[in-house]
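*Asks:*
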Amino acid sequence: MDEKEIATLVSVIILVVLVIIIITLFSVFVTRKNRLLKEQEKVKEAFEKELTDTQIEIREETLRNISWELHDNIGQLLTLAKIQLQNANDDSQAIAEAINTIGTSLKELRSLSKLINPDTLRSLSLVEAIQLEIERYNRLKYLVATIQIQCSGTIFSIDNKVEIIIFRILQEFFTNTIKHSKASELNVEINYNDKALTINAVDNGIGFDSTHFGPGKGIGLNNIKSRAKMINADLEILSAKDCGTQLSLTYKIEQI
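Residues 1 to 256 in the UniProt record's numbering are what the sequence shown spells out, letter by letter.
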């Protein structure tokens with residue numbers, strides 16, 4: 001075998017090796033791509049499932065709220081109006097008081113109707129939805145003091161699916177405050193800037209030892225953390241016994 005034949009053989013071998021390497025690399029690329037697509041599909045399915053679960057929970061919470069408000073607020077107002085009319089005895093002032101009570105009942109019903117409308121969250125901004133929820137808490141006087149909310153910055157648009165999950169995170173935090181914290185104050189600050197949406201919610205309740213907080217301890221708070229992770233939001237829950245609880249959530253505008 002002369003040098004020319006040897007060179008040709010070596011060239012063929014090198015070409016075959018290159019083809020094998022290219023095929024191997026392409027196969028690895030395709031395999032990784034398919035695995036990545038499957039992982040992305042799983043993440044998407046998990047997000048959609050979480051979104052569905054969240055919407056169901058909001059709907060269930062809304063129905064509970066409607067039940068409480070009908071019984072504890074509107075029902076009592078209408079009962080009062082009935083008593084006022086029964087005792088009026090053609091007293092114009094008493095009749096006027098009853099009319100005023102009925103008017104208040106109608107106002108409360110109009111406010112309640114916003115919660116019944118399934119398109120409420122879709123038609124409202126996140127801030128408007130949170131304000132509506134806080135107004136409901138204040139009307140029913142769940143806390144000794146009213147819940148305060150402050151909003152600053154220029155509101156920018158966020159995907160409605162993300163807003164729904166953020167709303168549910170706050171709704172669950174509010175519920176925990178009302179049920180467990182024995183707080184007299186709850187302050188909510190919402191800030192939009194050119195980089196992120198930040199929300200801080202702080203109560204002055206009995207708090208808990210957050211250093212021992214973890215999996216299996218506090219289903220509601222664990223749900224809050226898992227949902228924040230689902231939308232890639234930074235979330236921190238700080239608390240100490242007799243020092244209240246603070247929730248801090250940051251959703252970066254780069255994710256929008």
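Heads up, the beta-carbon is just placed ideally off N, CA and C, and yes, glycines get one too. It should be emphasised that the depicted structure is a prediction, and the values quoted were computed from it without experimental measurement.
#1: So, I165 versus T54, is the Cβ gap smaller than 8 Å?
#2: Here's the rule I'm using: 16 or more other beta-carbon atoms within 10 Å means buried, otherwise exposed. How should E5 be labelled?
#3: Does the stretch 19-27 come close enough to the stretch 127-141 to have 3 or more Cβ pairs within less than 8 Å?
#4: Return helix, strand or coil for T154, following the three-state DSSP convention.
#5: Check A240 in the structure and name its three-state DSSP category.
#6: Alpha carbon to alpha carbon, how far is I134 from D91? Give it in angstroms, no decimals.
#7: Using only the alpha-carbon positions, how far apart do L36 and L77 sit?
#8: Taking the beta carbon of G216 as the centre, do at least 16 other beta carbons fall within 10 Å, making it buried, or is it exposed?
#9: For the alpha helix (DSSP H) containing I164, name the first residue and the last one.
#10: Candidates N222, N204, G153: which alpha carbon is nearest I195's?
#11: Can you tell me whether DSSP reads L235 as helix, strand or coil?
#12: On a Cα-Cα basis, can you pick out the residue from T245, E39, R59, V43 that is closest to R168?
#13: Tell me the rounded alpha-carbon separation between E236 and V28.
#14: I believe A96 touches L85 by the beta-carbon criterion, under 8 Å. Please report the beta-carbon distance rounded to the nearest angstrom.
#15: Could you please give the first and the last residue of the uninterrupted beta strand (DSSP E) stretch that includes E189?
#16: Helix, strand or coil for T58, going by three-state DSSP, please let me know.
#17: Apart from the five residues just before and just after V162, which ones in its own chain have a Cβ nearer than 6 Å to its Cβ?
#18: Work out the CA separation of F26 and V202 for me, nearest whole Å.
#19: Decide if Q93 is buried, meaning its Cβ has at least 16 other Cβ atoms within 10 Å, or exposed.
#20: Should K241 and G207 be called a contact, given that it needs their Cβ atoms to be closer than 8 Å?
#21: Please determine, among L247, I56, V12, the residue with the shortest C-alpha to C-alpha distance to E189.
*Replies:* Checking against the coordinates, here is how it stands:
#1: yes
#2: exposed
#3: The stretch 19-27, when compared against the stretch 127-141, does not touch it at the 8 Å Cβ threshold.
#4: Correct three-state label for T154: coil.
#5: A240 falls in the coil class under three-state DSSP.
#6: 38 Å
#7: Roughly 59 Å separates the two Cα atoms.
#8: Low confidence applies here, because G216 scores a pLDDT of 47, under 50, leaving its location unreliable; read the following figure in that light. So G216 ends up on the exposed side.
#9: Boundaries of the alpha helix (DSSP H) harbouring I164: 160-176, taken from the DSSP string.
#10: Note that residue 195 is Lys in the sequence shown, not Ile. Checking every option, the nearest Cα to that of K195 belongs to G153.
#11: When DSSP states are grouped into helix, strand and coil, L235 belongs to the strand group.
#12: Among T245, E39, R59, V43, the Cα nearest to that of R168 is on R59.
#13: Their backbone Cα atoms lie some 39 Å apart in a straight line.
#14: Their Cβ separation, rounded to whole angstroms, is 11 Å, which puts A96 and L85 out of contact at 8 Å.
#15: Taken as a continuous stretch (DSSP letters only), the beta strand (DSSP E) holding E189 covers 186-192.
#16: What sits at residue 58 in the sequence shown is Ile, not Thr. Helix.
#17: I231
#18: 54 Å
#19: exposed
#20: Yes.
#21: Residue L247 is the option with its Cα nearest to E189.
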